[in-house]
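Residue numbers (our numbering), protein chains in the order written: chain A, 1 to 358; chain B, 1001 to 1324.
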Amino acid sequence: MRALRLAALMLLAVACAKENANNSSTASSTASSTGSVDLTGAGATFPYPIYSKWFSDYAQQTGVKINYQSIGSGGGIRQLSEETVDFGASDSPMSDDEMSKAKGGAVIHVPTVLGADVVTYNLSGVSAPLKLTPDVIAGIFNGSVKKWNDPKITALNSGVSLPNQDILVVHRSDGSGTTYIFTDYLTTAAPAWKSIGKGKEVKWPVGLGAKGNEGVAGQVKQTPGAVAYVELAYAKQNNLPTAAVRNKAGKFVLPSVAAVTAAAAGAAQALPANTDYRISIVDAPGADSYPISSFTWILAYQHQKDAVKGKKLVDFLNWALTEGEKSAPTLDYAPLPQEMAAKVKANKIASIDFSGAK
Amino acid sequence: MTSLPFEWLEKDRRRLRVEGSAVSDRIYEFLTAACAIVIPALVIAIAVAIFAAAWPAFSKAGLSIITTSDWDVAAGHFGAAPALFGTLVSSFVALVIATPLALGVAIFLSEFSPAWLRQPVGFLVDLLAAIPSVVYGLWGIFVLNPLLREYVMPFLRDTLHLGVTPFFRGPAYGPSMLSAGLILAIMALPYISAVSREVLMAVPRSQREAALALGATRWEMIRDAVIPFAKSGIIGGIMLGLGRALGETMAVTMVIGNRLEISASLFAPGYTMASLIANEFSEATNDLHLSALMAVGAILFVITLIVNGVARWLVWSVSKVRVK
């Protein structure tokens, strides 16, 4: 009897599961008409929201389907090097050493959109955005500035009453492009940070580590006196308080999509004609540039082995830098400056051939 | 296989339709043997793969991976001692909290609980094991940590004056070794209590009746007749809980504060080996870094083996005493 009841229950469960599966399969089959995937990519998680929008828009317009696994920049570089994906994606450029180990030969870096880090904080009673300089940010994050009413901070923020409260630094615990951009900026702009250096994870002198933008933001929200850096898109979507940062031109600039694109435009002017775009644009020149900004890249082999796939990849990249850029601001990503997008298409994407030669 | 050795099988033969089916017996035997071999083979394969991947780090850094505390990826220093310390301490704290609670639940359910209460309470406790660890982590961030920071930590440190000991000192942030230990305790509890409950219920009625007949009170009966009988099973359950605590990744990462430092204070943030791997693996591009993370995994593997070995030995030694 008991066994019978159990069997009936199981049947019921199977039936329910099947029904669910049917529902979801009809839902997904309306989104994509044919079954096979044309291109596969893997890599950075930071641009995943805009990339997935691009892939879905592109599939609707052209029928070419692209499967992307957001496994992290490190995984993207490794998979590209092993030639298990058609393209990779990364928040930090590949090193010369990594480039030389790639099995498919020369790798080109295609900058797609820009991201930025904001400095966010939890200070009750402080409504106007704090103003910070690179040296003060470095001081806060290396532990030499310990209190919110430290003269170094109050000197920049006259008229704001800052509490006599301990600063709690919160940083990312997981390896992340967000950390890379932030430490790259501090290494470039603040002499005091040189000893700590830059990387996707660094040895933090003080503070707590939290996982992901959401973990960091959650910790800051809960802890009075906390300060942290998070991704611009995340900060905007969650209305976090953000600090204005003094840029190279000496102006305090609030983070915004326009200020980040301005940073790219400022940095682009100094680029040599034959640049490979493996460049850092932190602390970029220009009066309106927000200084803690960076590209994110799609990585592809210059000599594609499969002409059909290679052609599809080139078409997609051209589409992304033309049509795709337009939808970037809706998801709080900064698009490339138009002039630069044109140069990337002409100098980099056009250089992809289908010889497959090493 | 003309006659099966077990009486009950003999009796059930007709119902199970096994007569004259030597071939199906063979197939069955083969299948079960295959299952029995595949699992250990898998474990060995995993061990070999991990150690092979960890070898570059071991050959370069040697045992300094577990004896030094400087983890600086940019500089190529990989000292994971704080993570090893954090894994052991957080799991120990978890067991200290979970074991008495779980045993209390198990003893109540098997000895004192009215029948109508036993099922629902047991079910709810078991359900704790089915909650995804990321949910525990979120609960830790949004409920447990604020509670610890606002109330529990100040109470322990100032009201109870436990701040005079090194274990409850320092500023109360919330994310801490204590927080990780508490989360792990809740996660390990259902394993310990479920196993203990089943083992306690399996103690023969005659054992209890004999104790009562000798004039024992109910508590004496449990202490002297039931628990000794179930001891090996209970230890097994505790070790199962410990295994859960040692390997738990997500929930701990979310509440422990991820700071690579050895501190005596339970209020201080810490790190565990599993968290270290989870945090850094996906963005590790440098070969040595990757290998160092694998080495941390290999060490965790060895610790788990040791724990299981100790559990086996404990169960074995306890049951031997009982038989004697």
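By construction, the Cβ of each residue, glycine as well, lies at the ideal position given by its N, Cα and C atoms.
Identified DSSP bridge partners for residue i
i	result
N67 of chain A	A:T40
V119 of chain A	A:Y229
W297 of chain A	A:S90 and A:P111
W1071 of chain B	B:F1078
F252 of chain A	A:R246
D353 of chain A	A:H303
P419 of chain A	This structure leaves residue 419 of chain A out entirely; chain A is present only between 1 and 358.
K131 of chain A	A:A244
Residue i - DSSP class collapsed to helix/strand/coil
i	result
A972 of chain B	This structure cannot settle anything about residue 972 of chain B, because the visible part of chain B is limited to 1001 through 1324.
W1055 of chain B	helix
F1123 of chain B	helix
I108 of chain A	strand
S33 of chain A	Unreliable positioning characterises S33 of chain A in this predicted model, as indicated by a pLDDT of 41, which lies under 50. The coordinate reading is nonetheless provided below. If DSSP states are grouped into helix, strand and coil, S33 of chain A belongs with coil.
R172 of chain A	strand
L208 of chain A	strand
P224 of chain A	coil
H303 of chain A	strand
D166 of chain A	strand
K147 of chain A	strand
Y1173 of chain B	coil
H1161 of chain B	coil
L156 of chain A	coil
D1326 of chain B	The structure shown has nothing for residue 1326 of chain B, since chain B only spans 1001 to 1324.
I1046 of chain B	helix
Burial state of residue i, where buried means 16 or more other Cβ atoms lie within 10 Å
i	result
F1155 of chain B	exposed
E1220 of chain B	exposed
G250 of chain A	exposed
Q61 of chain A	exposed
I1235 of chain B	buried
Q79 of chain A	buried
D166 of chain A	exposed
S161 of chain A	exposed
A155 of chain A	exposed
E98 of chain A	buried
D1025 of chain B	exposed
K65 of chain A	buried
Q1119 of chain B	exposed
K359 of chain A	A question about residue 359 of chain A goes unanswered here, because the residues of chain A that appear run from 1 up to 358.
S198 of chain A	According to the sequence provided, residue 198 of chain A is Lys. The question's Ser does not apply to it. By the neighbour-count rule (16 or more Cβ atoms within 10 Å), K198 of chain A is buried.
W1313 of chain B	exposed
A1245 of chain B	buried
Start and end residues, alpha helix (DSSP H) containing residue i
i	result
S1193 of chain B	M1177 to M1201
A1102 of chain B	A1081 to I1107
G76 of chain A	S73 to S81
F316 of chain A	A307 to W319
N142 of chain A	P134 to N142
N942 of chain B	As shown, chain B starts at 1001 and ends at 1324. That puts residue 942 of chain B outside it, with no answer to give.
R1169 of chain B	No alpha helix (DSSP H) holds R1169 of chain B; DSSP gives it neither H nor E.
G266 of chain A	V257 to A268
D1151 of chain B	Residue identity differs from the one stated: residue 1151 of chain B is Tyr in this sequence, not Asp. Neither: Y1151 of chain B is in no alpha helix (DSSP H) and is coded neither H nor E.
Y96 of chain A	For clarity, residue 96 of chain A is Asp in the given sequence; the question names Tyr instead. Run containing D96 of chain A: D96 to K101, per the alpha helix (DSSP H) assignment.
V1134 of chain B	S1133 to W1139
Y185 of chain A	G177 to A189
P49 of chain A	Y48 to T62
V1252 of chain B	M1250 to V1255
S161 of chain A	That residue, S161 of chain A, is in no alpha helix (DSSP H); it is neither H nor E in DSSP.
R1208 of chain B	R1205 to A1213
A1245 of chain B	I1227 to G1247
Start-to-end residues for the beta strand (DSSP E) that takes in residue i
i	result
S90 of chain A	F87 to S90
V245 of chain A	A244 to R246
Residue i beta carbon near the ligand HEM (any heavy atom closer than 8 Å)
i	result
P1171 of chain B	This structure simply doesn't include the ligand HEM, nor any ligand for that matter.
Output, in sequence order along the chain, the residues in the segment 1268–1281 of chain B whose CB is closer than 7 Å to any CB in chain A.
-> P1269, N1279 and E1280
Taking only beta carbons into account, state which residues of the segment 1164–1177 of chain B come closer than 8 Å to chain A, listed in chain order.
-> P1171, Y1173, G1174 and P1175
Closer than 8 Å, Cβ to any Cβ of chain B: which residues of the segment 69–80 of chain A, in chain order?
-> I71, G72, S73, G74, G75, I77 and R78
What are the residues of the segment 1136–1152 of chain B that lie near chain A, defined by any Cβ-Cβ distance shorter than 9 Å?
-> G1137, L1138, I1141, F1142, N1145, P1146 and R1149
Give, in chain order, every residue of the segment 1053–1073 of chain B whose Cβ lies closer than 9 Å to some Cβ of chain A.
-> D1070, W1071, D1072 and V1073
Anything in the segment 212–244 of chain A with a Cβ closer than 8 Å to a Cβ of chain B? List those residues in chain order, please.
-> G215, G218, Q219, Q222 and T223
Using a Cβ cut-off of 8 Å, which residues of the segment 1220–1234 of chain B contact any Cβ in chain A, in chain order?
-> none
Going along the segment 175–197 of chain A in order, which residues come within less than 7 Å of chain B, judged by CB to CB distance?
-> G175, S176 and G197
Name the residues in the segment 153–175 of chain A whose C-beta lies less than 8 Å from a C-beta of chain B; which are they?
-> D166, L168, S173, D174 and G175
Interface residues of the segment 1234–1268 of chain B facing chain A [CB-CB below 7 Å] = T1253, M1254, G1257, N1258 and R1259
Contact set between the segment 257–283 of chain A and chain B, restricted to residues whose Cβ is under 8 Å from the partner | none
At a Cβ cut of 7 Å, what residues of the segment 1284–1295 of chain B count as close to chain A, listed as they run along the chain?
-> A1284 and T1285
Residues of the segment 80–107 of chain A with Cβ closer than 7 Å to any Cβ of chain B, in chain order = E98
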